[in-house]
Amino acid sequence: MQHGKYRFIVGFLALPLGLYALFVVWPFIQSIYYSFTDWTGLSPEFKMVGLDNYRRMLDDEIFWKSLQHSLMFAVVLPLVTISLALFFAFMINVGGRRRKGGPVISGVRGSSFYKIVYFFPQVLSIAIVALLFAFAYNPDSGAINSFFRGIGLDGLQPLWLGDPDLALWCVMAVLVWSTVGFFVVLFSAGMASIPADLYEAALLDGAGRAATFFRITLPLLWDTVQSGWVYMGILALGAESFAVVQIMTTGPGGPDYSTTVMVLYVYQKAFRDGQAAYATTIGVALLIVTLAFAAVVMRLGRRERLEY
Amino acid sequence: MGSHSENIGSDKNGSVGVGRRDLIKRSAALGLISVPTMSFLSACASSGGGDEDKAKAGKKTAKNPLAVNETAQMEFVLFDGGFGKEYAEDAVKIYEKAFPDANVKFSATQKIQSTLQPRFNQGTPPDLIDNSGAEQMDMGVLVGKNQLADLTPLLDAASYDDPNKKVRDTLRPGIVEMGQFDGDPVWIMYYAYTVYGVWYSQKALDSLDATYPETWDEMLAVCEKAKKKGIAGWTYAGKYPYYLPFSLYPMIGKVGGREVLDAIDNLEPNAWKHPAVKACFDAYYELFKKGYILKGTPGLDHIQSQTAWAKGKALFIPNGSWVENESANVIPADFDLAVSAPTGIDSSDKMPFGTIWASGGEPFVVPAKAKNTAGGMEQLRIMLSEASSKNFTSKVKSLTAYNGGTDGITLTPGLKSGVAALDKAGENVVNPRLQDWYVQLQKEKIGVSGLGEMMAGRLTPAEAIKKIQGYADEAAKDTSIKHYKHQ
Numbered sequence: 001m002q003h004g005k006y007r008f009i010v011g012f013l014a015l016p017l018g019l020y021a022l023f024v025v026w027p028f029i030q031s032i033y034y035s036f037t038d039w040t041g042l043s044p045e046f047k048m049v050g051l052d053n054y055r056r057m058l059d060d061e062i063f064w065k066s067l068q069h070s071l072m073f074a075v076v077l078p079l080v081t082i083s084l085a086l087f088f089a090f091m092i093n094v095g096g097r098r099r100k101g102g103p104v105i106s107g108v109r110g111s112s113f114y115k116i117v118y119f120f121p122q123v124l125s126i127a128i129v130a131l132l133f134a135f136a137y138n139p140d141s142g143a144i145n146s147f148f149r150g151i152g153l154d155g156l157q158p159l160w161l162g163d164p165d166l167a168l169w170c171v172m173a174v175l176v177w178s179t180v181g182f183f184v185v186l187f188s189a190g191m192a193s194i195p196a197d198l199y200e201a202a203l204l205d206g207a208g209r210a211a212t213f214f215r216i217t218l219p220l221l222w223d224t225v226q227s228g229w230v231y232m233g234i235l236a237l238g239a240e241s242f243a244v245v246q247i248m249t250t251g252p253g254g255p256d257y258s259t260t261v262m263v264l265y266v267y268q269k270a271f272r273d274g275q276a277a278y279a280t281t282i283g284v285a286l287l288i289v290t291l292a293f294a295a296v297v298m299r300l301g302r303r304e305r306l307e308y
Numbered sequence: 001m002g003s004h005s006e007n008i009g010s011d012k013n014g015s016v017g018v019g020r021r022d023l024i025k026r027s028a029a030l031g032l033i034s035v036p037t038m039s040f041l042s043a044c045a046s047s048g049g050g051d052e053d054k055a056k057a058g059k060k061t062a063k064n065p066l067a068v069n070e071t072a073q074m075e076f077v078l079f080d081g082g083f084g085k086e087y088a089e090d091a092v093k094i095y096e097k098a099f100p101d102a103n104v105k106f107s108a109t110q111k112i113q114s115t116l117q118p119r120f121n122q123g124t125p126p127d128l129i130d131n132s133g134a135e136q137m138d139m140g141v142l143v144g145k146n147q148l149a150d151l152t153p154l155l156d157a158a159s160y161d162d163p164n165k166k167v168r169d170t171l172r173p174g175i176v177e178m179g180q181f182d183g184d185p186v187w188i189m190y191y192a193y194t195v196y197g198v199w200y201s202q203k204a205l206d207s208l209d210a211t212y213p214e215t216w217d218e219m220l221a222v223c224e225k226a227k228k229k230g231i232a233g234w235t236y237a238g239k240y241p242y243y244l245p246f247s248l249y250p251m252i253g254k255v256g257g258r259e260v261l262d263a264i265d266n267l268e269p270n271a272w273k274h275p276a277v278k279a280c281f282d283a284y285y286e287l288f289k290k291g292y293i294l295k296g297t298p299g300l301d302h303i304q305s306q307t308a309w310a311k312g313k314a315l316f317i318p319n320g321s322w323v324e325n326e327s328a329n330v331i332p333a334d335f336d337l338a339v340s341a342p343t344g345i346d347s348s349d350k351m352p353f354g355t356i357w358a359s360g361g362e363p364f365v366v367p368a369k370a371k372n373t374a375g376g377m378e379q380l381r382i383m384l385s386e387a388s389s390k391n392f393t394s395k396v397k398s399l400t401a402y403n404g405g406t407d408g409i410t411l412t413p414g415l416k417s418g419v420a421a422l423d424k425a426g427e428n429v430v431n432p433r434l435q436d437w438y439v440q441l442q443k444e445k446i447g448v449s450g451l452g453e454m455m456a457g458r459l460t461p462a463e464a465i466k467k468i469q470g471y472a473d474e475a476a477k478d479t480s481i482k483h484y485k486h487q
């Protein structure tokens, strides 16, 4: 049964892997090469400068700030998003009270409506979401502060994106809002494949919602949760954090560098300051951070496979 | 888990071969490689270009002082921004008429850098570029890497309207110097002419029974008057606090003299520690301390702050002359927009009231490796004629580098007030260069992390100065950026 399997796989994958090597891996190697030069991105001339860019990076205060913020994104965002999504998905699919004559396992009342509500932000482009929230956070006429005024909290008028202590959290909240729906759907699909008789058995044994969740749902969903975690972390390190930071806290990078992230810094160095080589250096650092993040999540998440 | 599940389990996950878990692991590892930030950079992989196919020079005549090759192709790429592209198209038509055998390629884009960066890297840039907008290419780098042509031949050529006058003599003061970085070559021709200062509604000021304040005590008095009526004195683009210098820098110049601003531009040690800087920072900080700044301003972007100001929530806003066009749809018809040179401290200031920041905008460059540099310059010469300049001013409500050219045009209130402010300023026009010499230092460091933090009340003026001086010292030491000095 095993015989010839690898040859088969290789045969199938040769072409896509070739394309992949050419269009993805090769540019990568090239960018790493550029990180050892003084290329500006605006002229064909450059020379090798060895490790100068790396040395400079280690002395660069803004680089360290952006690294710190990127790590925050990679740790906090998946944690919050996935916990919320797990909770929502559980309530939609499993957490409902048992109703007479209904199925044994069901979601809370109105769960199909909630599903749409949660998923809705997914159909909006992240740029639109960021713009919408930039308006909502407007301290003068934005929705949030107007709401506070409306309920009589006149004294409570935070500056939101204008406050270095709040700005990063404001930006992260938007990402949670916009991505949680995807994971609700992902986890709902995972929960749907858990056999109902497991839940029936648990119910017969008198398990409550919490016990059902921690003893049955979460363990059986572990693989999905783990890949979701990696996926979310990569999003948070890359494109999504760039979009929200660039659009919402355009200082850019927030008051006193409070929201700057690595991708944004790469972009600014390459396309504003004409320092493409230094930008690729930060890009290499970002690559290392991303790889390390995935490795850590995979290692920490390793646990016994559960069969059902 | 349950014993009955083996039959499902074995074909779904397979205890043999590549499991789902491994696949996830592998695909995650591969997915990582597509970290989106890097590969695009190398898309512009560089390759050398040659000078082999430059257009041959044409015949130099009175009508063709730059000796443009009459049949050579000329390519012109324009930034399609707030000023639109009509003015350039009109100028291109004149070029085509003068050189009917030349093939002119004109295009307008907002994506200057993404369109042109690869072409610079390949050594095949167009002949004339309006290098402007959010995707402006860094001029310092372009100059430092010898990518731009010296425009001196253009400046010394006869002007389009009067063969006895050089182009150089038809320009507003300071325009030529702005296009220099160090030494004589002129790399950039700024076509628009921007007046920076304090913008306000004359009507609002009249309703307070006030005139524009000339000293800081008067400024505070006007703000107090406004506050009693529930109007804030000031607002500014809180998310982009680098709009504050539009009135703050000329104020520093007025209080301490031009040399203070020059020292700052030259990144001289302790330039920011000059007493004039401290006095002006203190003055602005007082606006915050006395509650004269519109609430929430540090969280507003430029559009939001301009809108609040146009709605009459605040009296004054530091801005540039583009604000008239940019806010056209929120400024009420009877607003009576006006601009003033910044308020000073008192009568002991070094320069008179009226000292204003005005400088070129819309930078046009001719690449050194362009095939038809003479054609690119000729196109600029056409644009700097009186007729083209008038056409620009009447179409987009902005002045041009051409000195004059406003006769016979009905000026909008803001433009009119800008012209009057320039007349009043006379020789007292200052032009701080931080914003085109050191973009990151000016915008992020001094602007956002220094002035922005101070005006939000999170730094005292003394702390802000110390922080900004630190940033300036860092920039002075940074070998990765090119340094410039006032001549």
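Respectively, the protein sequence lines represent chains A and B. Residue numbering for the first sequence follows UniProt numbering, beginning at 1 and increasing consecutively. Residue numbering for the second sequence follows UniProt numbering, beginning at 1 and increasing consecutively. From the three backbone atoms N, C-alpha and C, an ideal C-beta is built for every residue, glycine too.
- At a cut-off of 8 Å, the C-beta of W64(A) has no neighbouring C-beta in chain B.
- Of all residues in the region 291-316 of chain B, only L294, K295, G296, T297, P298, G299, L300, D301, Q304, S305, T307, A308, K313 place a beta-carbon less than 9 Å from a beta-carbon of chain A.
- Shown here for R172(B): same chain residues with a beta carbon closer than 7 Å to its own, the five before and five after excluded, namely Y193, A401, N403 in chain order.
- For M139(B), the uninterrupted alpha helix (DSSP H) run begins and ends at 139-144, by DSSP.
- A direct Cα-Cα distance of roughly 11 Å separates G208(A) from G96(A).
- By the neighbour-count criterion, in which a residue is buried when 16 or more other Cβ atoms sit within 10 angstroms of its Cβ, P16(A) is exposed.
- In this structure F36(A) is buried. Its beta-carbon is surrounded by 16 or more other beta-carbon atoms within 10 angstroms.
- Counting other Cβ atoms within 10 Å of its Cβ, G320(B) reaches 16 or more and is therefore classed as buried.
- Non-local beta-carbon contacts of F182(A) in its own chain, meaning distances under 7 Å to residues more than five positions away in sequence, involve Q122 in chain order.
- Counting only Cβ-Cβ distances below 8 Å, R7(A) has no contacts in chain B at all, with the closest Cβ about 14 Å away.
- Residue burial annotation: A211(A) is exposed, with fewer than 16 other C-beta atoms found within 10 angstroms of its C-beta.
- In this structure S449(B) is in contact with D256(A), their Cβ atoms being roughly 5 Å apart against a cut-off of 8 Å.
- For G123(B), the secondary structure class from DSSP, reduced to helix, strand or coil, is coil.
- In this structure, L300(B) is the residue among L300(B), Q147(B), S207(B) with its C-alpha nearest to the C-alpha of T249(A).
- Interface residue (Cβ-Cβ distance to chain B less than 8 Å): W169(A) is not classified as such.
- Linking K56(B) to N69(B) through their CA atoms gives a straight-line distance of about 6 Å.
- The Cβ of M137(B) sits closer than 8 Å to at least one Cβ of chain A.
- Counting only residues of its own chain and dropping the five nearest sequence neighbours on each side, A456(B) has a CB closer than 6 Å to the CB of P298.
- Chain A has a Cβ within less than 8 Å of the Cβ of Q117(B).
- The C-alpha of T217(A) is placed about 13 Å away from the C-alpha of D197(A).
- Not a single CB atom of chain B sits nearer than 8 Å to the CB of D205(A).
- Counting C-beta atoms within 10 angstroms of its own C-beta, A21(A) has fewer than 16 neighbours from the protein chains shown and is therefore classed as exposed.
- Residue pairing from DSSP leaves M262(A) without any beta-bridge partner.
- Flagged as an interface residue toward chain A: Q440(B), by a C-beta distance shorter than 8 Å.
- I382(B) is positioned such that its CB atom lies no closer than 8 Å to that of S389(B).
- Within the region 444-460 of chain B, the residues whose Cβ lies closer than 7 Å to any Cβ of chain A are, in chain order, E444, V448, S449, G452, E453, A456.
- Counting the other CB atoms within 10 Å of its CB gives P250(B) a total of 16 or more, which places it among the buried residues.
- Taking 8 Å as the upper bound for CB-CB distance, A85(A) and V174(A) are not in contact here, some 16 Å apart.
- Put simply, the CB of V141(B) is near chain A, with a gap under 8 Å to one of its CB atoms.
- Taking 8 Å as the upper bound for CB-CB distance, T290(A) and V171(A) are not in contact here, some 19 Å apart.
- Taking the beta carbon of K54(B) as reference, no residue of chain A falls within 8 Å; the closest one sits roughly 17 Å away.
- Straight-line spacing of the CA atoms in V129(A) and D90(B) works out to 40 Å.
- Around the CB of Q110(B), fewer than 16 other CB atoms lie within 10 Å, so the residue is classed as exposed.
- The three-state secondary structure of M351(B), taken from DSSP, is coil.
- Cβ neighbours of L237(A) within its own chain (closer than 6 Å, five residues either side excluded): S70, A74, T290.
- Pairwise C-beta distances place the region 230-237 of chain B in contact with the region 300-313 of chain B, as three or more of them are shorter than 8 Å.
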